[in-house]
Amino acid sequence: MPAEERGAAPGAAILVVEDDRQLADLLREQLTLAGHAPVLAGGLGEARRCLADGRFDLIVLDLNLPDGDGLDLAAEVRAEGNVPVLMLTARAAIDSRVAGLYAGANDYLTKPFSVAELLARVHVQLREAGARRLLSYGRLTLDRETRACSVGGRVEHLPEREFEVLRLLVQYRGRVFTKEDLERALYGPEVPDSNTIEVYVYNLRRRLKGLGLEDVIRTVRNRGYVVV
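For the sequence shown, this note's numbering gives the first residue as 39, with consecutive numbering after it.
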């Protein structure tokens with residue numbers, strides 16, 4: 039049975055890439071009133087600088103920009119991570135919408151549009167992104183983006199491979215993972231000849247105990263590990 043996945047909190051950092059200053063100012067005003075923290079960029083160059091300087095929860099992206107095509111930025115964002123992209127454009131043709139979705143857009147809004155519809159779509163994308171990011175099991179919450187493991191306000195940031203072992207066990211709780219299952223998930227076909235899985239599980243148990251949780255990861259004799 040998969041663990042519970044939760045939505046994102048309000049107050050998202052949103053990058054608005056729009057060269058129409060009047061529309062950009064309107065979007066900034068409405069997103070601010072909705073409790074978010076919008077940042078404006080008038081083109082691809084400025085948007086790339088913003089992305090290099092900070093982390094955003096959502097990108098509202100116009101396709102027709104003065105210094106290039108927003109499709110290029112959407113593809114770059116998708117290649118780098120999982121930040122959702124809501125595309126804005128005057129292009130109404132089906133092939134343009136399909137190209138945007140293939141480039142990495144999560145949703146598509148054709149101009150002219152109502153601000154209420156845009157805010158609704160922003161809310162949906164943030165909620166879905168939050169569900170993908172946070173994974174909960176009882177008092178335990180895992181943050182896929184920061185690799186944070188938290189219990190009742192106490193937080194421990196895990197090394198990448200330890201986090202992945204815990205994520206798999208929590209996300210598919212009740213399923214017994216053999217050592218070989220976990221090795222393939224971590225390393226692919228090139229599995230090292232070592233006892234790294236045992237070490238990761240030992241470290242995770244120690245870290246979870248420090249957060250106030252014991253017996254989260256159980257050993258099933260002659261089979262592997264499970265979270266129940």
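Glycine included, each C-beta is placed from N, C-alpha and C at the ideal position. Values in this document were obtained by computation on a predicted structure and should not be read as measured data.
When DSSP states are grouped into helix, strand and coil, ALA50 belongs to the coil group. CA-CA distance, GLU56 to LEU157, rounds to 16 Å. Unbroken beta strand (DSSP E) stretches of 3 residues or longer found wholly inside the segment 74 to 140: 75 to 79, 96 to 100 and 123 to 127, given in chain order. Nearest C-alpha to ASP253 among ALA223, LEU204 and LEU220: LEU204. In this chain, ARG185 is not harboured by any beta strand (DSSP E), its DSSP state being neither H nor E. PHE94 and ASN260 have their C-alpha atoms some 45 Å from each other. Contact annotation: GLY108 and LEU82 have beta-carbon atoms nearer than 9 Å. VAL229 and LYS217 have their alpha carbons spaced roughly 11 Å apart. When DSSP states are grouped into helix, strand and coil, VAL193 belongs to the strand group. With respect to HIS74, ALA50 sits close: the two C-beta atoms are nearer than 9 Å. Residue pairing of SER152 in beta bridges, as defined by DSSP: absent, with no partner found. DSSP places GLY168 within a helical segment (H, G or I) once states are collapsed to three.
In this structure, VAL160 lies away from ARG213, with their beta-carbon atoms at least 9 Å apart. Separation of HIS195 and PHE151 (C-alpha to C-alpha, rounded to the nearest whole angstrom) is 42 Å. Separation of GLU84 and ALA90 (C-alpha to C-alpha, rounded to the nearest whole angstrom) is 10 Å. Judged by their CB atoms, VAL123 and LEU103 are not nearer to each other than the 9 Å cut-off. Within its own chain, the residues whose Cβ lies closer than 6 Å to the Cβ of PHE215, once the five positions on either side in sequence are excluded, are GLY262 and TYR263, listed in chain order. Burial is judged here by how many other beta carbons sit within 10 angstroms of a residue's own beta carbon; ASN144 has at least 16 and is buried. Taking the Cα positions, THR184 is about 30 Å away from LEU101.
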